[in-house]
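**Q** Numbering (our numbering), first residue to last: 36 to 214. Questions regarding the structure given below will be posed in turn.
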């Protein structure tokens, strides 16, 4: 591949080869692309880097981009808030009709609102995602009731994966720059 050609050309200068491989890895992450080839190229130069083993778990599929995550947060928030509002199985006809009408119009808090309820927590989670603060978003998610968490589990998984891979690649790059 082009990448391994560039890296081999710099084989006599391992720092430069490592920087090229790290840059390619970061670029693949930013595209949301699988990054197995880039990771293996990096591993060939720095086989002892502790981050490599964990990154391999994500390398085949890649992780969602920050843009994809931002695009999905609204639907995930709606699903989580809907899960926080239980359906009363014993409700009468009129109550069911009202619930049906309410489901057509989504009303939920947005912004950095105060409060301990699931809708307020989900609103803060959404703000954190839109600000790029995935760690804060996940800490809000962790406080939600189980039913609400399960409605947002796929989305939270994407957040966790993105956050972990970013930290690991940043750590690899920092290590490459020190080498």
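For glycine and all other residues, C-beta sits at the position ideal for the given N, C-alpha and C. Predicted model, so just to flag it, every value in this text is computed and none were measured.
Taking residue 181 as part of the alpha helix (DSSP H), name the residues at either end of that continuous run.
**A** Note, residue 181: alpha helix (DSSP H), 181 to 186.
**Q** Within 10 angstroms of its Cβ, does residue 106 collect 16 or more other Cβ (buried), or is it exposed?
**A** Its Cβ having fewer than 16 others within 10 Å, residue 106 is exposed.
**Q** In chain order, what residues of the same chain have a beta carbon less than 6 Å from the beta carbon of residue 80, not counting five sequence neighbours either side?
**A** Correct list, in chain order: 52, 53 and 56.
**Q** Out of 196, 174, 168 and 90, point me to the one whose CA is closest to residue 156's CA.
**A** The candidate whose alpha carbon is nearest that of residue 156 is 174.
**Q** Beta-carbon separation of residue 114 and residue 167 under 9 Å?
**A** The answer is no: Cβ separation not under 9 Å.
**Q** Are at least three pairs of beta-carbons, each pair with one atom in the segment 95 to 103 and one in the segment 66 to 83, less than 8 Å apart?
**A** With a cut-off of 8 Å, the segment 66 to 83 and the segment 95 to 103 count as touching, because enough Cβ pairs lie within range.
**Q** Just to check my reading of the structure: residue 169 and residue 129 have Cβ atoms closer than 8 Å, yes? What is that Cβ distance to the nearest angstrom?
**A** Wrong, their Cβ atoms sit about 43 Å apart, outside the cutoff.
**Q** Just verifying my parser: in three-state terms, what is the DSSP assignment at residue 154?
**A** Note: residue 154 maps to helix in three-state DSSP.
**Q** So, is residue 181 buried or exposed, given that buried needs 16 or more other C-beta atoms within 10 angstroms?
**A** Per the 10 Å Cβ criterion, exposed.
**Q** What three-state label does DSSP hand residue 49 in the structure shown?
**A** Reduced to three states, the DSSP call for residue 49 is helix.
**Q** Rank 37, 200, 212 and 108 by C-alpha distance to the C-alpha of residue 161 and give the top, closest one.
**A** Nearest option by C-alpha distance: 108.
**Q** Given that a residue counts as buried once 16 or more other Cβ atoms are within 10 Å of its Cβ, and exposed if not, what is residue 178?
**A** Label assigned to residue 178: exposed.
**Q** Short of 6 Å in beta carbon distance, which residues of its chain neighbour residue 152, apart from the five on each side in sequence? Order them along the chain.
**A** Closer than 6 Å at Cβ, skipping near neighbours: no residue.
**Q** DSSP three-state label for residue 99, please.
**A** Coil.
**Q** In terms of residue numbering, what span does the alpha helix (DSSP H) encompassing residue 168 cover?
**A** Here residue 168 belongs to no alpha helix (DSSP H), and DSSP marks it neither H nor E.
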